[in-house]
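Engineer: For the sequence shown, position 10 (counting from the first letter as 1) is numbered 12 according to the numbering used here, and the numbering increases by one without interruption. Virtual Cβ for every residue (Gly too), placed ideally from N, Cα, C.
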Amino acid sequence: MRRLLLLIPVVIAVAILGVLGADLVVQRVRARAQSDWLQTKNLSLAPVVKGLKEPTLIAWPPDGSKRMFILEREGRVRIAEADGTLRPTPLLDLSDNTSTSTEEGLLGLAFDPGFAQNGYVYVDYTANDASVNVVRYTLSPDKPNQIDPSTAALVMTIPKRSKFHNGGTLAFGPDGYLYISLGDDENSDEAQQLSSIFGKILRVDVDSGTQPYAIPPTNPFVDTPGARGEIWSYGLRNPWRFSFDRVTGDVWVGDVGDARMEEIDMQPAGSRGGENYGWPYYEGTECMQPDHCGDAGMVAPLVTYGHDMTCAVIGGYVYRGTSVLAFSGSYLFGDLCTGGVFTMAGSQQQGWKRVEVAFNPIKIDSFAEDPSGEVYISDMQGGIIYRIADGSIPAPPS
């Protein structure tokens, strides 16, 4: 009995050491699992896909597979399985006719609202002749991992003079029309000219049966003499990324500024189009051309900020996921050069302020939204796709 009593402390000690050891193992596993995360006080980014070359956009085919279609700037659409594994063979390879000079490359992708029936996928890229091309391809359900290049149907080709300010976002709106962003081609005056489609967001009907597209009769300048009927909104410098809020239908636009300001614009759902966001008469809220400072009808940005460290705004998404409740209903956007992730605080009545959530050692060139509303970030420099795994919103600047 005495010997048994003497052994009890030893057993307890061993048990305690076992628990501590098990806890230490768990901590080590967790540390290893999160060793390549990007974590700051207010943001945690979890890597989900690695091994990419200059990813420019992420999209999820509406087929329930949970696969990711990832654009690489050189002209390839890569497939990542639900577990993040990259397929070695691209879904589509346009590298032979994709220019990657300066801001060019494979820039946009959108799925037709009738994708389940027709398999239509639209891409936006700059060709070797510097033109912006919007092309429709057909993905066959019999070959879900390969697009036949012979299915290409040209929707729009836009000759350009400059290799800058291409826009490049494609998105179908709640109305079923295809929206296309296009920069000013480094000819800023064209952003105000309704006879030009540069410096605009366009809206076209690609499902009407009219080839290559029809102009919706409700577009704002259909009946304006000399105007391009495709124009939906104008006065933009380089609307690099825009998105629809999946709940409200509002359109959010990140318009890259020139020497002074970056800006975030918003078009409310239900708009009839025709908004003029001011460029080049205004950069942000500053009037740049005195002859036009009194012009009526200019739509002011919601948020502007200077180029202290930042260089190019990257438009994002209103967060509608469930993993990070602190971000619910908040518009998340970023900056190319600093890896900054930002949101906004305020109201339409009181005004809005940019709130700095975190700065990260990456080059952000796009945000993405998966079918459940979770938000992702692509790192163009590191070739990694991150998921926003956790976060909080700091107090706005006073």
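Over what stretch of residues does the beta strand (DSSP E) that includes residue 117 continue unbroken?
Structural biologist: For residue 117, no beta strand (DSSP E) encloses it; the enclosing alpha helix (DSSP H) starts and ends at 117 to 120.
Engineer: Could you check the C-alpha separation between residue 287 and residue 326 for me, to the nearest Å?
Structural biologist: 32 Å
Engineer: Counting only the same chain and skipping the five closest in sequence on each side, list residues whose C-beta sits under 8 Å from that of residue 305.
Structural biologist: These residues qualify, in order along the chain: 265, 266, 346, 354, 355, 356.
Engineer: Is it right to say residue 120 is buried, meaning 16 or more other beta carbons lie within 10 angstroms of its own, or is it exposed?
Structural biologist: exposed
Engineer: Out of 257, 245, 153, 145, which has the shortest C-alpha to C-alpha gap to residue 285?
Structural biologist: Closest in C-alpha terms to residue 285, from the list 257, 245, 153, 145, comes 257.
Engineer: Rounded C-beta distance between residue 244 and residue 203? I'm assuming under 8 Å.
Structural biologist: With 8 Å as the limit, residue 244 and residue 203 qualify as a contact, their Cβ atoms being about 7 Å apart.
Engineer: Report the option in 68, 89, 84, 85 whose CA atom is closest to the CA atom of residue 78.
Structural biologist: 89
Engineer: Counting Cβ pairs, one atom from each stretch, are 3 or more of them under 8 Å apart for the stretch 165 to 172 and the stretch 205 to 223?
Structural biologist: no
Engineer: Confirm, please, whether the CB-CB distance from residue 173 to residue 179 is below 7 Å.
Structural biologist: Going by C-beta atoms, residue 179 is not nearer than 7 Å to residue 173.
Engineer: What is the rounded straight-line gap between the Cα of residue 54 and the Cα of residue 308?
Structural biologist: 31 Å
Engineer: What residues match up with residue 202 in a beta bridge as DSSP calls it?
Structural biologist: 184, 236
Engineer: How would you label residue 31, buried or exposed, when you count the other beta carbons within 10 angstroms and need 16 or more for buried?
Structural biologist: Note that residue 31 scores a pLDDT of 39, beneath 50, so its modelled location is shaky; the value from the coordinates is reported in the next line. Answer is exposed; the Cβ neighbour count stays below 16.
Engineer: Ignoring anything shorter than 3 residues or poking outside the stretch 310 to 355, list the beta strand (DSSP E) runs there in chain order.
Structural biologist: 315 to 320, 333 to 337, 343 to 349
Engineer: Identify which residue in 335, 233, 36, 277 has its Cα closest to the Cα of residue 216.
Structural biologist: 233
Engineer: Going by DSSP, what residue range makes up the beta strand (DSSP E) through residue 135?
Structural biologist: Taken as a continuous stretch (DSSP letters only), the beta strand (DSSP E) holding residue 135 covers 134 to 140.
Engineer: Smallest Cα separation from residue 92: which of 334, 65, 146, 175?
Structural biologist: Among 334, 65, 146, 175, the Cα nearest to that of residue 92 belongs to 146.
Engineer: Give me the residue from 362, 159, 393 with the minimum Cα distance to residue 386.
Structural biologist: 362
Engineer: Near residue 383, what residues of its chain come up, given a Cβ to Cβ distance below 7 Å and the 5 sequence neighbours on each side ignored?
Structural biologist: 364, 365
Engineer: Please say whether residue 94 and residue 149 have beta carbons closer to each other than 7 Å?
Structural biologist: yes
Engineer: Just to confirm the assignment, what range does the beta strand (DSSP E) spanning residue 166 have?
Structural biologist: Note, residue 166: premise wrong, no beta strand (DSSP E); not H, not E.
Engineer: If you follow the beta strand (DSSP E) that residue 173 is part of, which residue opens it and which one closes it?
Structural biologist: 172 to 174
Engineer: Whose C-alpha, out of 334, 312, 47, 112, is nearest the C-alpha of residue 320?
Structural biologist: Closest in alpha carbon position to residue 320, among 334, 312, 47, 112, is 334.
Engineer: Going by Cα to Cα distance, which pick from 56, 81, 74, 73 is closest to residue 67?
Structural biologist: 81
Engineer: Between residue 38 and the rest of its own chain, which residues show a CB-CB distance below 6 Å, the 5 nearest in sequence each way excluded?
Structural biologist: 49
Engineer: Among the candidates 100, 103, 368, 231, whose CA atom is the shortest distance from the CA of residue 218?
Structural biologist: 231
Engineer: I'd like the span of the beta strand (DSSP E) that includes residue 306, first residue to last.
Structural biologist: 305 to 308
Engineer: Check the C-beta distance from residue 251 over to residue 271 and give it rounded, since I have them as a contact under 8 Å.
Structural biologist: About 3 Å separates the two Cβ atoms, so the contact holds.
Engineer: Count the other C-beta atoms from every protein chain shown that fall within 10 angstroms of the C-beta of residue 103, then say buried if there are 16 or more, exposed otherwise.
Structural biologist: exposed
Engineer: Where in the stretch 236 to 287 do unbroken runs of the beta strand (DSSP E), each at least 3 residues long, occur, reported from the N-terminal end onward?
Structural biologist: With a minimum length of 3 residues, the continuous beta strand (DSSP E) runs that stay inside the stretch 236 to 287 are 241 to 246, 253 to 257, 263 to 269.
Engineer: Name the DSSP bridge partner or partners of residue 81?
Structural biologist: As computed with DSSP, residue 81 is found in a beta bridge with 71.
Engineer: How far does the beta strand (DSSP E) with residue 113 in it reach, from first residue to last?
Structural biologist: 108 to 113
Engineer: Could you check what DSSP says for residue 192 in three-state terms: helix, strand or coil?
Structural biologist: Helix at residue 192.
Engineer: If you follow the beta strand (DSSP E) that residue 230 is part of, which residue opens it and which one closes it?
Structural biologist: Per DSSP, residue 230 belongs to no beta strand (DSSP E) and is neither H nor E.
Engineer: Less than 7 Å between CB atoms is the rule here; does residue 347 satisfy it with respect to chain D?
Structural biologist: In the structure shown, chain D cannot be found, because there is only a single protein chain.
Engineer: Which residue comes first and which comes last in the beta strand (DSSP E) that contains residue 213?
Structural biologist: Careful: residue 213 lies outside any beta strand (DSSP E) and carries neither H nor E.
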